[in-house]
Each structure stands twice: as C-alpha cells, then as structure tokens.
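In the working numbering, the protein residues as written are 445 to 767.
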C-alpha cells in the first residue's frame, strides 16, 4: 500500500457539550476518503483544537488510499462515530494540505483467489456437462426414429461430483497475474424413452375405447405425454414414473350404425312437439352434442313435428378428450 498521507486537522465543537476523541478515531470527507486521528482530543463547547491525522490504508469503498490521500487544504470532515445530528456541530477541517502519501502495491495470490477460481471452474464444468447431455440427447433423437429420449430435469435426480482439482497452491503469496488450474466432473443425468412409453400407452387407450366411440390415433402425440417422478431409490438404482397420455375420442353417430340409430331415435323422442327454444336447450345438454341447430319447414312453424318419423337428423362428428 506504500505510505499514508498525513497532516493536521482543526477540530471544531459548536455544540453545548464536551467531546473526548481517542487515537484512531475515524473521519471522512464527502469523497469517501478516511483519515485517523493520531492524537487524543478533548474539546470543550465552542472550542477549536488542532490534532495530527493520517490516512487509512483503504477508503470508504475499500480502495487503496496511497497517493490519493494527498489532499488540498479547505476540506470538511465528519466523525463517522457520531450521530448524524451531531456531525453538523462537531466536525473537522484541514486548513493545510495533506502530503506524504505514496501508492505502492503488487498483486499476490491469496487463498480467497483460489476459492473463487475453483468455484468458477466448477460452474464452467457444470455448464459444459449440461450442454453435452443436451447434445447427446439431440443426436440420439435425430438418429433413431423408433426412440425419443427425454431427460428427467430434477435436482434430486442429478449427480455432479467434482474431483482431481489442481489449484496450484504452490503459488500462494507469489506475485502472479494468472495461474493454470484444472479439475474434473462426473455428471450423471437420468432419462426415459418417451417413444416407447407413447407406443405402450397408445395400445392401452385403444383397448379402453368407450362403446359408440372411436379413438383418433393421430391425436396421441409426444406433446400430450406428461411424465412425473413419484418415487426413487436413495442411490437412484431405480426411478418410478407415472405418465399421462391424453387422446381424442369421437362419438360414432352415423344413423347406419347401431349406436347412431339409437342416438337418433332418442333425439326424436326428446324433441317431438317442442318449440325450437325448448328443443335446443335439451339437445345442447346432451353429452354427445357439442352444438345443435334446428331448421323448420314451413319456416313459420313454431314447434317441431309431433310425429317422430317426420324429424330428420343430420350428424357431424364431434371429438372428446380421453386419457
């Protein structure tokens, strides 16, 4: 740090009380420069006392003072140990310049520097490992059409073990600007084959299609597959997943099919003789119906025919979700 600047301060007491200031009492100016009293001071109300002061090694912001402590005369200083309202009444001025400050330092390697370097290397190794895992996953999925790997991104299912670190501790205390360090990481992540699970669940859903419905296979895609980890061994020798797959079913309402014929018969029985408003309210509440529209002939009729056979039904396919 070189040498610290020094000089004299005039301490002013404009309060109604006496103050006793010890050696090493800290004072600071508005630029954050810190000086220390080298003399004890006892100052009565309304009195001014001159005392010696010397710059601290570091300023208020932790920077080396050195030659920056060579300050001109005419600056005002506050006592850091006093309350804010006291500082306006008891303060100091340097009526002459401070001098003698010199900056001289060298960069040496400290234990803290090695700790920072190790932490930074660990972060870089971890980021590289995660990137390599992603690249391997992408490469696998592009090469195999019958397999699609997904990573289980859970902190508790990921293992990162750092080892074989060489931090060059022999350089501690030496004047160096950089040192080579090295270390290794064993990174373990777990994955599952989403394509295999999708194929398996497709078969399960196909075997559980409701009566009068059909399953739309094209709706059972990878983006509808949702996996959750529900349990695992402490040593991760096994991991249990639950996987949800949602697909889409369609009601088969074709009048030429038994289910469609039964549906048409039921609709006719429900709406025979009703007004349009009443019939629509009933139809739109049926689970098989997404929307309904009624056209009467002649147009001025207000009610549906009272003879079921006079009612014609047209059906459009409607889809519903299943899992």
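Where is the CB? At the ideal position from N, CA and C, for every residue including glycine.
Query                                                                                                                             : Result
Residue 723 vs residue 733 beta-carbon contact at 8 Å                                                                             : no
Neighbourhood of residue 717 by C-beta distance below 7 Å, restricted to the same chain and skipping five residues each side      : 747, 748 and 750
Contact between the segment 595 to 604 and the segment 641 to 655 (3+ Cβ pairs under 8 Å)                                         : no
Terminal residues of the beta strand (DSSP E) in which residue 585 lies                                                           : Where residue 585 is concerned, there is no enclosing beta strand (DSSP E), although the alpha helix (DSSP H) it sits in stretches over 555 to 587.
Contact set for residue 488: own chain, Cβ-Cβ below 8 Å, skip 5 residues either direction                                         : 457 and 462
Inter-residue Cα distance where the pair is residue 729 and residue 669                                                           : 31 Å
Neighbourhood of residue 538 by C-beta distance below 8 Å, restricted to the same chain and skipping five residues each side      : 451, 452, 453, 454, 497, 515, 517, 518, 519 and 521
Alpha-carbon to alpha-carbon, residue 524 and residue 531                                                                         : 8 Å
Selected residue, minimal CA-CA separation from residue 535, among 754, 473 and 580                                               : 473
Spatially closest choice to residue 558 from 595, 617 and 508, by CA coordinates                                                  : 617
Between the CA atoms of residue 696 and residue 654 - distance to the nearest angstrom                                            : 10 Å
With 16 other Cβ atoms within 10 Å as the buried cut-off, status of residue 490                                                   : exposed
Reduced DSSP category for residue 753 - H, G, I as helix; E, B as strand; rest coil                                               : helix
Residue 677 to residue 645 span [Cα, whole Å]                                                                                     : 25 Å
Three-pair Cβ contact test at 8 Å for the segment 624 to 631 versus the segment 585 to 595                                        : no
Helix, strand or coil at residue 497 [DSSP, three-state]                                                                          : strand
Boundaries of the beta strand (DSSP E) in which residue 687 is found, first to last residue                                       : 683 to 689
In chain order, each alpha helix (DSSP H) run of at least 4 residues that lies wholly inside the segment 661 to 731               : 702 to 715 and 720 to 727
7 Å CB neighbourhood of residue 622 in its chain, flanking five on each side removed                                              : none
Beta-carbon contacts of residue 477 that lie in its chain and below 6 Å, excluding the five residues immediately before and after : 503
Sub-8 Å separation of residue 448 and residue 464 beta-carbons                                                                    : no
Close-in-space but distant-in-sequence residues of the same chain around residue 471 (CB under 6 Å, 5 per side omitted)           : 479, 521, 523 and 536
Reduced DSSP category for residue 640 - H, G, I as helix; E, B as strand; rest coil                                               : helix
Own chain residues within Cβ distance below 6 Å of residue 766, not counting five before or after                                 : Because the pLDDT of residue 766 is 46, which lies under 50, any placement of that residue in the model is unreliable, and the number read from its coordinates should be weighed accordingly. Here the set comprises 691 and 693.
Residue 499 vs residue 509 beta-carbon contact at 8 Å                                                                             : yes
Segment limits, beta strand (DSSP E) that includes residue 470                                                                    : 470 to 472
In DSSP terms, what residue 628 is bridged to                                                                                     : 607
Selected residue, minimal CA-CA separation from residue 467, among 482, 563, 576 and 512                                          : 482
Coil, strand or helix - residue 451 by DSSP                                                                                       : strand
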